[in-house]
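Colleague: Read in order, the letters of the sequence shown correspond to residues 4 to 54 in the numbering used here.
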Amino acid sequence: MTALLLALLLTAAFATVIVLGRGRFGSTDVVDRDAQRLCAELTAMGSADHR
Numbered sequence: 004m005t006a007l008l009l010a011l012l013l014t015a016a017f018a019t020v021i022v023l024g025r026g027r028f029g030s031t032d033v034v035d036r037d038a039q040r041l042c043a044e045l046t047a048m049g050s051a052d053h054r
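Encoded structure:
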């Protein structure tokens, strides 16, 4: 019984660490340069005066 409770406690603690630590790893704060470039090009094409 104690082993089961300990396993559940460790699983819950691990899940909490995973959920709370998601912002520290991965590519969440990476700036998408291609998207910025595409947006700038579309804005430039839309505002260009082609006569």
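Idealized CB from N, CA, C, for every residue including glycine.
These numbers come from a predicted model, not from an experiment.
Tell me where the alpha helix (DSSP H) around aspartate 37 begins and ends.
Modeller: Note, aspartate 37: alpha helix (DSSP H), 36 to 50.
Colleague: Would you tell me roughly how many angstroms separate the C-alpha atoms of leucine 8 and valine 20, rounded to the nearest one?
Modeller: In a straight line, the C-alpha of leucine 8 is about 18 Å away from that of valine 20.
Colleague: Look at the alpha carbon of threonine 5 and the alpha carbon of leucine 13, and state the distance between them as a whole number of angstroms.
Modeller: Spanning the two alpha carbons is a distance of roughly 12 Å.
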